[in-house]
Amino acid sequence: MFQEMITRDLPSFARERLTEIVPRKQFLKCLKGFPDVCNSVFQGFEVKPQNLSLPMIRTRALKLFEESPEICRMALDLWAGAGAPVLEEIRGQNVGCVREHVVSLGKKWGGAIVVLALAADERKEVRELVPKGAEALRGIPEPSVVSEKAEPAEVDAASESDRQSDDATPVKREIELLKQQMEEARQSLSQAEQRTRSTECQLAEARARLAGREQELDDIHKQVKKMQKALDRSERARVKAEETRDELKKALSKARAALCSPATSEKAPGPKPAASEFTGEQVRVVCEKFAAPHEQGDEIRFRADGLHHALSIKQIVRDISTNHETNVREYARLVDTLKRTDIDKYRALTAALTGSAGRYFVRVLAERLTPAIVDGSNVAHCERDQRGKAKLRAVLSVREELRSGGFFPIWIYVDASLPYQIDDPAGLARLVQLEEIVMVPAGSSADDAISRHARDTGACVVTNDRHIADAVAPLLRLDTIGFVVFNSDVTLRDL
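Numbering of the sequence shown is given in my numbering, commencing with residue 198 and proceeding in unit increments.
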């Protein structure tokens, strides 16, 4: 602690001289033990012993000695350990002689050197001479000629030139300062270029990784599409199985109705069983329960939550065929209510809808299906009759295939010129009037209407025209389904 106090009392001219004479290699090695301190001293310069002679680094070291007595004491010990002759001369004298001849020692070795030697002495009484001795030794210059042993072994030509530069004119000092600033600027520029190259390398690596991730994402997207197609095929197989089951149920219901009829009971051989009591009203109820859907009328009435409701089979079929989504969603809600309140009427409704077009209408009311848009003009022109006319039957076949695949809504767009090019213009006009087919106005393009509708709804487009969206948005990627038409039989390629 006392040594730190002595180091703290060192005058500034002694600390400044210490920055010049401290052994550089040993001092740099000690500084590296304090990474933050070392970086602050050599900021903008290369960390090497020769740079300790630069005026800017010596200025930073002087400030470090003032702020950290511990490091100042460490530098003083390094200088004392190098074996300066002034130390040997002071150690060879007693305290009284040193006190008496301190001024003469300063004239011989220099005031700053003697102050440092007093502070580095092992004797406490000698170290106590530092404050008073500093006042007496201040301003005493070092002799112009000093023996080789007056400086540590590591003081080289660079330190001599530094001392000469300290005595140089202000212009030379300014030139040297500018050179240092230029050197710092060059080093900063070099570091910035290194950081730029490193950043560019990292950016290239990131781009390569991104390209790999994009490829992986594309592969996953393709796998998802394949799985979706497999799932759709399984769903179609399930729907066909349900249709077969419904047909078997119909046959079973007809057989039961036939068994319950009085005529069958009369023709049965042998004595009448106890079941012959099913006559009159009970027979009528059983027959109504298992009757075919078309025998029960068009409207299903029921009561739920204190309200009366009615479902028209014809209206349901019409709204589904014309893609009225709002009405269809309301029908779906009512059908779900009917299923929970009156299971017999629900079965009658589903049987009637199944008789209209398989299970498609029932499925539309029970599930949310995938929307699709048909390029009607493209489909119609894929097959022509003997007169070269496009076929309306191809458009209807595509719609049936989409229904079998589980699509709703199914919007069909055609050009205004199609009635003059199709084999059945009257049938086309009737479907347009029923709103089952949309005809774009004259002068407009059906391709543009299809592209905009697909972009807004996310629906897939049934077409063989791979450039259908070029007029609207060349970069727009639509989900398209290709097809093949042969003898009015349609096969959807990507379904």
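Note that the Cβ used here is the ideal one computed from N, Cα and C, for glycine as well.
CA-to-CA distance, residue j to residue i, given in whole angstroms
| i | j | result |
| --- | --- | --- |
| LEU593 | ARG433 | 19 Å |
| GLY602 | ASP429 | 7 Å |
| ASP582 | LEU407 | 53 Å |
| ARG565 | PHE605 | 8 Å |
| MET636 | SER642 | 10 Å |
| THR256 | LEU284 | 26 Å |
| ALA455 | LYS446 | 14 Å |
| VAL300 | LYS229 | 38 Å |
| ALA651 | GLN630 | 23 Å |
| HIS521 | ALA448 | 34 Å |
| ASP612 | PRO622 | 13 Å |
| ILE678 | HIS418 | 16 Å |
| ARG674 | LEU625 | 30 Å |
| ARG320 | PRO340 | 27 Å |
| GLN240 | THR393 | 20 Å |
| ALA549 | LEU628 | 23 Å |
| PRO490 | ALA438 | Low confidence applies here, because PRO490 scores a pLDDT of 39, under 50, leaving its location unreliable; read the following figure in that light. Computed Cα separation, rounded: 20 Å. |
| SER395 | GLU263 | 39 Å |
| LEU689 | LYS426 | 12 Å |
| THR441 | ARG453 | 18 Å |
| PRO282 | VAL295 | 15 Å |
| ALA545 | SER431 | 27 Å |
| CYS227 | ARG410 | 49 Å |
| GLU380 | GLY280 | 35 Å |
| ALA587 | PHE680 | 16 Å |
| GLU297 | GLY289 | 14 Å |
Whether residue i touches residue j by CB criterion (8 Å)
| i | j | result |
| --- | --- | --- |
| ARG609 | ALA577 | Here residue 609 is Ile; the residue named in the question, Arg, does not match the sequence. Not closer than 8 Å, so no. |
| ASP318 | ILE287 | yes |
| ARG556 | VAL436 | yes |
| ILE497 | LEU504 | no |
| VAL561 | ILE517 | yes |
| LEU313 | ARG214 | yes |
| VAL659 | CYS579 | no |
| GLU632 | THR551 | no |
| ILE513 | TYR528 | yes |
| TRP276 | VAL219 | yes |
| ASP533 | ILE510 | no |
| ILE634 | ASP572 | no |
| THR216 | LEU259 | yes |
| ALA501 | THR538 | yes |
| ASP686 | CYS657 | no |
| VAL559 | THR547 | yes |
Assumed close pair residue i, residue j - CB separation to whole angstroms, cut-off 8 Å
| i | j | result |
| --- | --- | --- |
| VAL234 | LEU251 | Incorrect: roughly 17 Å between the Cβ atoms, too far for contact. |
| GLN384 | PHE242 | 7 Å |
| ILE337 | LYS304 | 6 Å |
| LEU207 | ALA316 | 6 Å |
| GLY293 | LEU334 | In fact, because the Cβ distance is near 18 Å, the residues do not count as touching under 8 Å. |
| LEU531 | LYS542 | No, LEU531 and LYS542 are not in contact; Cβ-Cβ is about 11 Å, not under 8 Å. |
Residue i burial status per 10 Å Cβ neighbour count (16 or more: buried)
| i | result |
| --- | --- |
| ARG212 | buried |
| ASN236 | exposed |
| ARG596 | buried |
| CYS398 | exposed |
| SER648 | buried |
| ILE570 | buried |
| ASN684 | exposed |
| SER387 | exposed |
| SER574 | buried |
| ASP644 | buried |
| SER209 | exposed |
| MET271 | buried |
| VAL773 | Since the first residue of the chain shown is 198 and the last is 692, residue 773 is not available in this structure. |
| LEU302 | buried |
| VAL663 | The sequence given here has Arg at residue 663, not Val. Label assigned to ARG663: exposed. |
| ARG590 | buried |
| VAL368 | exposed |
| GLY330 | buried |
| VAL421 | exposed |
| VAL525 | buried |
| ILE324 | The amino acid at residue 324 is misidentified as Ile; the sequence shows Arg. Counting Cβ neighbours within 10 Å, ARG324 comes out buried, since at least 16 surround it. |
| VAL238 | buried |
| ILE372 | exposed |
| LEU615 | buried |
Near the ligand SAH: residue i beta-carbon under 7 Å from a heavy atom
| i | result |
| --- | --- |
| GLU496 | As for the ligand SAH, it is missing from this structure, which has no ligand bound. |
4-residue-minimum alpha helix (DSSP H) runs that sit fully inside the segment 640–670, ordered along the chain
The segment 640–670 is shown to contain whole alpha helix (DSSP H) runs of 4 or more residues at 643–654, in chain order.
Can you give, in chain order, each stretch of the alpha helix (DSSP H) that sits fully within the segment 584–634 and has at least 4 residues?
Qualifying alpha helix (DSSP H) stretches, in chain order: 589–602 and 622–630.
Counting only runs that start and end within the segment 289–328, where is the alpha helix (DSSP H) found for 4 or more residues in a row?
Segments of the alpha helix (DSSP H) lying fully in the segment 289–328: 292–297, 299–306, 308–317 and 321–324.
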